[in-house]
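Student: Submitted below is the structure of interest, expressed as structure tokens.
Okay, structure coming up:
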């Protein structure tokens, strides 16, 4: 995958100029909307000072459709190098391959903010039920040889959204 960058920002109702793609999500427990926009350069992603920009570390398709719901899993920083590397390995070698066969689970974007040393995973699914089934499958997985559970703390918070536009 060539370098790609993401911007997370409050929805304006129109896709940001220069975005490769953009998807908008409405928070389940509120009325606000966030847009996830993908760009080819860091400068484009960081151009809006009111938004958060991230490096896209991985963009993995799931077994399901693009997704009617999304979970934003926040890993607040500063994340140590060891935790960052362990999380990347867990996603790449264990979680992403399993989610490619999990019915109803869509795309997973793994995002890294190097200045704050924080991460965000945007995971989509066809429904809340398929999202929950995917999370149960992840929780039931055995760790790979050499994986240290102390380096896999899980997200600090999770927010749920419904897709409103792509």
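In our numbering, the protein residues as written are -17 to 148. For every residue, glycine included, the Cβ atom is placed at its ideal position computed from N, Cα and C. It should be emphasised that the depicted structure is a prediction, and the values quoted were computed from it without experimental measurement.
1. Would residue 32 be called buried (16 or more neighbouring beta carbons within 10 Å of its own) or exposed?
2. For the alpha helix (DSSP H) holding residue 65, just list the boundary residues, first then last.
3. Relative to the C-alpha of residue 36, which residue among 109, 78 and 56 is closest?
4. State the Cα-Cα distance for the pair residue 25 and residue 15, rounded to the nearest angstrom.
5. On the criterion of 16 or more Cβ atoms from any shown chain inside 10 Å, does residue 124 qualify as buried, or is it exposed?
6. Can you list, in chain order, the residues of its chain with a C-beta nearer than 6 angstroms to that of residue -2? Leave out the 5 residues immediately preceding and following it.
Tutor: Concretely, from the data shown:
1. exposed
2. 63 to 71
3. 56
4. 23 angstroms
5. exposed
6. 19
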